[in-house]
Amino acid sequence: GRWGGKVVVVAITDGRANVPLAVSMGEEELTPELQKDKVQLKEELLATARQMRGLFGFNMVVLDTENKFVSTGVAKELAEAAGGRYHYIPKADEASLAGVAKDALASFGLK
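In terms of the working numbering, the sequence shown opens at residue 14 and continues consecutively.
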């Protein structure tokens, strides 16, 4: 049978993709060229989110801490690509992040 578990990824982000996946995985060194290509980084992020969306039992909650004055909207796009939930937290601190994450997990039937 199929495993009936749930996976919930709580992503806390300022909306700025700044490190390619290959660098995060230790497969490549971070070079100025890799760091500069923000469009490619964003596409890599959204492609990964779309792949995760297709996984059975996968859910994502994106907690956006980005300043609205310089907002790129990437966090919201991330949530949409993953089929997840988006929450903007303008004055993010430990308590507000924990509270929103706890409520989000409860909405998925998790404590």
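We put the beta carbon where it would ideally sit given N, CA and C, even for glycine.
- C-alpha distance - Lys19 paired with Asn72, whole-angstrom precision: 8 Å
- Do you know whose CA, among Val22, Gly122, Leu123, Gly39, lies nearest Leu68's CA? Val22
- State the Cα-Cα distance for the pair Ile102 and Lys115, rounded to the nearest angstrom. 14 Å
- Message: When you compare the CB positions of Leu76 and Ala24, do they come within less than 8 Å of one another, or not?
- Response: yes
- Task: Grab the span of the beta strand (DSSP E) containing Thr61 for me, first residue to last.
- Result: That residue, Thr61, is in no beta strand (DSSP E); its alpha helix (DSSP H) goes 51-66.
- Is the stretch 88-100 in contact with the stretch 55-64, if contact means three or more CB pairs nearer than 8 Å? yes
- Task: Would you identify the three-state DSSP class for Leu118, choosing helix, strand or coil?
- Result: helix
- Item | Anticipated Cβ contact below 8 Å, Gly122 with Thr85, distance rounded | Wrong, their Cβ atoms sit about 32 Å apart, outside the cutoff.
- Query: CB-CB under 6 Å to Arg63, same chain, minus the five flanking residues each way: which ones, in chain order?
  - Reply: Ala94
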